[in-house]
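Read through the structure below, which is laid out as structure tokens, and then see the notes.
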Amino acid sequence: MAMSKRIMDNILFSQLGYLVIFVITICITERRSMVEDPLNFNVLNIVVEVISAYGNVGFSTGYSCELRLHPQGSCTDKYYGFAGKWSNQGKAILIVVMFYGRLKTFNMHGGKAWKIA
């Protein structure tokens, strides 16, 4: 009983657990765009953006107007990342992910859920 509780605490409150929570909350904030533009706003692109922000890497999948199912005349390709098309709430969550990734060595003893032994 105590062993399973310890394992659950390590997984639930690990850095990976927080990243899953961040991805889910961004999917919730971007749900309207995911319905209107599913080829650009898919879960894989959001996961790549969140992992990149967590690692403070700056990698982005980008946004392409050519991938839209219903093309609009007002859509033009820009030189900014995929998160540039997100709502303000999604961008705010991504900023929190960046700070969380920058300070990751100061929480949870450096990610104890990743230790094998």
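Last residue of the sequence shown: number 197 in this note's numbering, and the count goes up by one each step with no gaps.
Glycine residues also receive a C-beta, built at the ideal position from the N, C-alpha and C atoms.
Beta-carbon spacing of V137, V177 below 8 Å:
With a cutoff of 8 Å on beta-carbon distance, V137 and V177 are scored as not near each other.
Looking only at its chain, what residues have a beta carbon closer than 8 Å to the beta carbon of L119, apart from the 5 residues adjacent to it on each side?
Excluding positions up to five away in sequence, the list reads L147, R148 and L149.
Taking the alpha-carbon of G170 as reference, which of Y98, I106, E116 and S84 has the nearest alpha-carbon?
It is I106.
Exposure label - S132; buried when at least 16 CB within 10 Å
Classification of S132: buried, given that the 10 Å Cβ count is 16 or more.
L149, enclosing alpha helix (DSSP H) - first and last residue:
Taken as a continuous stretch (DSSP letters only), L149 belongs to no alpha helix (DSSP H), as it is neither H nor E.
For E110, the three-state DSSP class (helix, strand or coil):
DSSP, reduced to helix, strand and coil, places E110 outside both helices and strands of the structure shown, so it counts as coil.
Let me check understanding here. Comparing Cα to Cα, which of E116, N122 and F139 lies closest to Q152?
For the options E116, N122 and F139, the alpha carbon positioned closest to that of Q152 is the one of E116.
Between the C-alpha atoms of A82 and V103, what's the straight-line distance to the nearest angstrom?
Roughly 30 Å between the two C-alpha positions.
Can you tell me which of S167, L174, K158 and T156 puts its alpha carbon nearest to the alpha carbon of G135?
Of the listed residues, the one whose Cα sits closest to G135 is L174.
Reducing DSSP to helix, strand and coil, say where V123 ends up.
Residue state, collapsed to three classes: helix.
Leaving aside the five residues before and after G191 along the sequence, list all residues of the same chain whose C-beta is less than 6 Å from its C-beta, in chain order.
Low confidence applies here, because G191 scores a pLDDT of 49, under 50, leaving its location unreliable; read the following figure in that light. Around G191: Q95.
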